Amino acid sequence: MSLPDVPPLELIKERLPLIFPEGTEHRNYVIREMAAKTLYVMFYTGAVGGLGRWVRPSQITDMSDGQAVKLDEADREAWTVESLSSKKTRPLDTWYAANSREPVRDETIRLGFIQFNAVIERSGLPTTSSKPKYALEKGFAELFDPDLSGKALEEKIEAWRETHLSAGAVARVKLVRRGAVRSKDAVSVMFPDGSSRAMKPGASSVISKAVIEEYAPRFLKNPVVLWLSESGNKVVARDDDLAQSLNLHIDQAKALPDVILVDLGDDHNPASLLIVFVEVVASDGPVNDLRQRTFTDLAVKAGFKEEQLRFLTAYSDRGDQMFRKTVSNLAWRSAAWFASEPDKIVIFAHRTGIDRVV
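All the letters of the sequence shown, read from the start, carry residue numbers 0 to 357 under numbering that gives the first Met the number 0.
Here it is as C-alpha cells:
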C-alpha cells in the first residue's frame, strides 16, 4: 500500500486555526508549530487511520529540515524504519531536542488532538509501551487536502467538527463565534422584565448582554438590572427607583462596575436579597481587591451585609487572552464566568466561604 501524500507544512499551519477556532479548549496545543509538525510527521510516515501505521513522539522530535523535504516513498520508508531503531543517529538539525517528547505527547497529542478525536491511539498496548501508537484520524487527515479550498473546505471542516467534537466543545466554539459576529453590530439586550436596551457594537457589549440574558437567569432567583453601562462611561440603563428603595447611592462620577444586578430572592425572606457587582473584561478591569473594597463600601453604607454581596468578572471565553492576563488579579470571594460556557462558573473562595460566592 502506497504512502499518503504529505501536505506542505505551511498548509497544515494555516488550516489548524480554521479547524480549531477561538473557543477551543487547549487551543494553543493544537494550533502551535509543534502541533503542525506533529501532523506533518504522521503524514510523512503514513500514520493515518486505516493504514495500520503508527508514530511515537520521539519521531516528531527526531525529524529534521533536511529529512522533511525528502518526499519520495523510498526515503520516507527508510527514515520511518531508522527513526524507530535503537541504533539511530540524530542529525544536528532535528526539529526538537531529544528531551522534548513530553510536550509533544502530553500536551499536543493527549490533551490536544486525542481529546478532539483528531488523533487515534493504538489499542492493546500498555500505557508505558514505547511502541508507536498514534495516528491521524482518517476524516481529520482529509481536511489537509491541498485541493480543498473556499466554501468546500469550510463545509468539510464544519461537518468534521459536528461529528468528532463533543457537544459541549461544539457549543462553546459556536458561542464564541456568534459573539465575534455580534460585536460588529449594535447589541440589543433583553432585560429580565422583558424590556430591551441597545448597546453600541463591541466585545464588551456582547459580554454584558450575555451576563444579563444568560448568567442572571441561571445563577439568580429573581434578577433585576439596577445598572448597565458601556465603554466610555455611557449609562445604558439605571433603575433609580430601585436604587433609592435599597438606599444605594449610585454616583456616576465615581468608580462603578459595568453591571449591577439585584437578586430579589424570595418574597418571604428579605435577607435572601443579593447585590451582584459585575465587571466585564474585553480589554481590562476585572474585580480586583481594590474594586471589590470600593463596591463593598458602597453596599455596606446602604445597610447591606457583606454576606449579601457577590462579585463577578465576566469574560468571553476561558481560553481568552484577557482571562489569562487578568486571572491572577481576581479578588478572593469573587467569581469568573464565561459567556461561551454559561452553565459553569469559577469560584475564588476561602475554604470557609465557598457557599457565600455562588
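Even for Gly, the Cβ is constructed at its ideal location relative to N, Cα and C. These figures come from a predicted structure and were not determined experimentally.
Burial state of Pro-222 (16 or more Cβ within 10 Å): buried
Whether Trp-53 touches Arg-121 by CB criterion (8 Å): yes
Arg-332 burial status per 10 Å Cβ neighbour count (16 or more: buried): buried
Ile-119 in three-state terms, based on DSSP: strand
Backbone secondary structure at Val-205 - three-state DSSP: Three-state DSSP puts Val-205 in a helix.
Contact check, Ser-339 vs Gly-22, beta carbons under 8 Å: yes
Whole-angstrom distance between Lys-343 and Gly-45, CA atom to CA atom: Cα atoms of Gly-45 and Lys-343: separation of roughly 41 Å, rounded to the nearest angstrom.
Element boundaries [beta strand (DSSP E), containing Asp-105]: Unbroken run through Asp-105: none, as it is neither H nor E.
Uninterrupted alpha helix (DSSP H) stretches inside the region 284 to 331 (no shorter than 4 residues): 288 to 300 and 320 to 325
Three-state secondary structure (DSSP) of Ala-348: Correct three-state label for Ala-348: coil.
Counterpart residues of Asp-74 in DSSP-defined beta bridges: Per DSSP, none; premise fails for Asp-74.
Cβ neighbours of His-349 in the same chain (closer than 8 Å, five flanking residues each side left out): So the qualifying residues of the chain are Trp-331 and Arg-332.
Val-286 versus Met-189: straight-line alpha-carbon distance, rounded: 24 Å
Inter-residue spacing [alpha-carbon to alpha-carbon] between Pro-16 and Gln-251: 42 Å
Neighbourhood of Ala-158 by C-beta distance below 7 Å, restricted to the same chain and skipping five residues each side: Counting only Cβ-Cβ distances below 7 Å, and skipping sequence neighbours, we find nothing.
Cβ neighbours of Leu-152 in the same chain (closer than 7 Å, five flanking residues each side left out): none
Same chain, Cβ closer than 6 Å to Val-175, neighbours up to 5 away in sequence not counted: The beta carbon of Val-175 is closer than 6 Å to those of Glu-21, Gly-22, Asp-316 and Ser-339 in its chain, skipping five residues each way along the sequence.
Asp-288 versus Ala-281: straight-line alpha-carbon distance, rounded: If you take the alpha carbons of Asp-288 and Ala-281, they lie about 19 Å apart.
8 Å Cβ cutoff met for Leu-10 and Pro-145: Contact: yes.
Segment limits, beta strand (DSSP E) that includes Ser-187: 186 to 189
Cβ contact (3+ pairs, closer than 8 Å) linking the region 99 to 116 and the region 24 to 42: yes
Phe-218, DSSP secondary structure in three states: helix
Classification of Thr-127 by the beta-carbon crowding that lies within 10 angstroms, buried from 16 upward: exposed
Counted within 10 angstroms of its Cβ, other Cβ atoms place Arg-217 as buried (16 or more) or exposed: exposed
Buried versus exposed, by CB contacts within 10 Å (16 or more), Thr-162: exposed
Sequence-distant residues of the same chain with beta carbon closer than 8 Å to Val-103, five excluded per side: Met-33, Thr-37, Pro-56, Ile-59, Thr-60 and Tyr-95
6 Å CB neighbourhood of Thr-293 in its chain, flanking five on each side removed: Ala-254, listed in sequence order.
Where Asp-192 falls: helix, strand or coil (DSSP): coil
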